[in-house]
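Read the structure below first, then the notes.
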Amino acid sequence: SLEMLTEKLYSFMQAHNETPIGRVRKLDLVLFEAAVKHVSRILRVLSLPRGNLLMVGVGGSGKQSLTRLATFVAGYDFSMVTISKGFGVNQLFDAIRDQYIQAAMKRPVTFV
């Protein structure tokens, strides 16, 4: 049921906040019905082989936070590219190459 899923997601969120990464970037989300459904959709796509997802929406709607929660539930690593003024195509290829190496040697990676 939706209530049980919400409780499970809150326990995963609490577990995330107790990890070293979670202490730096805490997840303090209010999981209403639509958010729970979005996390389950993200998790379903991430768990597929070669699962890719394009999330479109206005800034501040929680796309990144919900993806971070779904990534933690799936047991994947989360990696994000920060684009700056001097960021070019070569830096993007280097970041993607690093993620391929990390995914091959460790565990799957969610690349944002």
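Each step along the sequence shown adds one to the number in the numbering used here, with nothing skipped, and position 92 is 88.
The beta-carbon is built from N, C-alpha and C at its ideal position, and this holds for glycine as well.
Every value quoted in this text rests on a predicted model; they were computed, and no experiment measured them.
Are Phe68 and His12 close, meaning C-beta to C-beta below 8 Å? yes
Give me, in chain order, the residues of the same chain whose beta-carbon lies closer than 7 Å to that of Leu(-2); leave out the 5 immediate sequence neighbours on both sides. Glu29, Val32
Buried or exposed by the 16-neighbour rule on C-beta atoms within 10 Å, applied to Thr106: Label assigned to Thr106: buried.
To which residues of the same chain is Phe74 closer than 6 Å at the C-beta, ignoring the five residues directly before and after it? Around Phe74: Arg64, Thr67, Thr106.
What is the DSSP secondary structure of Phe107, reduced to helix, strand or coil? Taken through DSSP and simplified to helix, strand or coil, Phe107 comes out as strand.
Same chain, Cβ closer than 6 Å to Leu27, five either side skipped, listed in chain order: Thr2, Leu5.
Rounded to the nearest angstrom, what separates Gly82 and Leu50 at their Cα positions? 25 Å
Checking 8 Å against the spacing of the C-beta atoms, do Leu25 and Ser61 come in under that value? yes
Return the chain-ordered list of same chain residues with a C-beta closer than 8 Å to the C-beta of Arg103, the five sequence neighbours on each side being excluded. Gly71, Tyr72, Asp73
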